[in-house]
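Participant:
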Amino acid sequence: MERRTERMRERGLAATVLVCTNERAEHAACAAADGAAVADAARDWLRERDRYWSEVAVAETSCLGLCSEAGAAVVVHPRDEWFAAVTPGDVPALMAQLFESGADDGDADDEDTEDAAAEETVPDDAADATDPATIG
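In terms of the UniProt record's numbering, the sequence shown is residues 1 to 136.
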């Protein structure tokens, strides 16, 4: 095992965009909702601005618990911002809102970073996607 904490801190990453690409057969899953295309669109947006891996990384991940047939789940770390039902078409506006015009100051409570176009509220009574009884 090799610890790389300092090396990654030296890179100066401001954020990591986590995109769910989880697959499963019986319930809604981000892979079937274009999760990989959402991740690709986020990478493309960053590359067009020469910011990919210099300031912001994009990583595909397993279930984030915001399953939807309408789009993928996206989390921005370390800001603790969560988005559900994100489509590839939503990505440019979402990324611009998060990472342009000083929006990347890391303040998750900043009014400018609230209510992203792709954000959905998941009802409290929604089935827990991490509950084995509700996933396939």
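Beta carbons: idealized from backbone N, C-alpha and C, even for Gly.
1. Determine which residues share a DSSP beta bridge with A59 and list them.
2. Look at the alpha carbon of D44 and the alpha carbon of E100, and state the distance between them as a whole number of angstroms.
3. In chain order, what residues of the same chain lie with their CB nearer than 8 Å to the CB of E69, ignoring the 5 residues before and after it?
4. Find the nearest neighbour of T61 within the set W82, H77, N22 and M95, judged by alpha-carbon distance.
5. Give the range of the alpha helix (DSSP H) segment to which E6 is assigned.
6. Please name the residue in P92, C67 and A57 whose C-alpha comes closest to that of L18.
7. What distance in whole Å lies between the Cβ atoms of G89 and E55, which are believed to be in contact at a cut-off of 8 Å?
Facilitator: By the coordinates alone:
1. The partner list for A59 (beta bridge, DSSP) reads L18.
2. In this structure, the straight-line span from the alpha carbon of D44 to that of E100 is close to 15 Å.
3. Counting only Cβ-Cβ distances below 8 Å, and skipping sequence neighbours, we find A28, A32 and A33.
4. The shortest Cα separation from T61 among W82, H77, N22 and M95 belongs to N22.
5. Residues T5 to R11.
6. The residue with the shortest Cα to Cα distance from L18 is A57.
7. No, E55 and G89 are not in contact; Cβ-Cβ is about 23 Å, not under 8 Å.
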